[in-house]
Amino acid sequence: DVKVTQSSRYLVKRTGEKVFLECVQDMDHENMFWYRQDPGLGLRLIYFSYDVKMKEKGDIPEGYSVSREKKERFSLILESASTNQTSMYLCASSSGSILGTDTQYFGPGTRLTVL
Amino acid sequence: GESVGLHLPTLSVQEGDNSIINCAYSNSASDYFIWYKQESGKGPQFIIDIRSNMDKRQGQRVTVLLNKTVKHLSLQIAATQPGDSAVYFCAENWGGGATNKLIFGTGTLLAVQP
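Sequences listed follow chains A and B, in order.
So in this note's numbering, spot 68 of the first sequence is number 334, and the numbers just go up one at a time.
So in this note's numbering, spot 112 of the second sequence is number 1192, and the numbers just go up one at a time.
Below, the structure is given as structure tokens:
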């Protein structure tokens, strides 16, 4: 089974702090994704990566950056956390099929609260 | 832009009944669809998928139906159990190639009454 793990289930930070969210997958997947999930808005894509050191902006990249130094690890960085970044953050990975049937597998999520 | 949407925020069913969760999509170019289940406090879990060259696919107690004519997707759960209580999302593959992006609906909460 695919396993995607996230470094923290719950996190509380203060406004202005730098925040690191870590994600690791153990299936040698090419693609990795970061989403945030808010009530009534569904999952929104922040950034994704289709290869080591490669990254692409998603739909809401503002206020975030990412790092992918190793294939199995994808980090989301909040350079200066703000209260509107309080959310559930979900990491996902996929094998990178070019056939358009590329299932994404999700981690358990990190619930971040910014005070 | 085009997006996936779910009609109902909440669906309440009796234990043992069949459940049907619906999803409308608007991007006619989407060729792959996935249903996810998300239990409270957990990440979304893959349930079943379907490609656009199919109109039906069955899994264990679940069936996905795809009607491309009206751009409609449904998830049927047979003999619904309390453990099926969760939020269900549909997602469409939008992008293809090496960077497959999924567009998600906001979800439907399935509440199973004992």
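Glycine residues also receive a C-beta, built at the ideal position from the N, C-alpha and C atoms.
The model shown is predicted, which means the values in this text are computed figures rather than measured ones.
Look at the segment 1108–1120 of chain B: the residues with a C-beta under 8 Å from a C-beta of chain A are D1111, Y1112, I1114 and Y1116. T271 (chain A) is not a Cβ neighbour of V380 (chain A), given a cutoff of 8 Å.
Residue state for N1133 (chain B) is assigned as coil, using DSSP reduced to three classes. Counting every other CB atom within 10 Å of its CB across the protein chains shown gives E1172 (chain B) a total of 16 or more, marking it as buried. Our two residues, C1103 (chain B) and D1135 (chain B), have alpha carbons roughly 14 Å apart in a direct line.
Y276 (chain A) places its beta carbon less than 8 Å from that of R377 (chain A). Not a single C-beta of chain A is nearer than 8 Å to the C-beta of K1151 (chain B). Beta-bridge analysis with DSSP links H1152 (chain B) to B:A1104 and B:N1147.
CA-to-CA, the gap between S273 (chain A) and V1150 (chain B) works out to about 42 Å. No Cβ-Cβ contact shorter than 8 Å links Y371 (chain A) with R302 (chain A). Neighbours of K1122 (chain B) in chain A, taken as residues whose beta carbon is under 8 Å from its own, are P374 and G375 in chain order. Going by beta carbons, S1165 (chain B) and V1192 (chain B) fall inside the 8 Å limit. Under DSSP, K269 (chain A) shares a beta bridge with no residue. K284 (chain A) sits exposed, since fewer than 16 C-beta atoms from the chains shown fall within 10 Å of its C-beta.
The bridge partners DSSP lists for S331 (chain A) are A:I343.
For D1097 (chain B), no Cβ of chain A is located within less than 8 Å of the residue's own Cβ. Using a Cβ-Cβ cut-off of 8 Å, T369 (chain A) is close to I1114, F1126 and D1129 of chain B, given in chain order.
Taking a cut-off of 8 Å on C-beta distances, the segment 1086–1100 of chain B does not touch the segment 320–336 of chain A, as fewer than three cross pairs fall below it.
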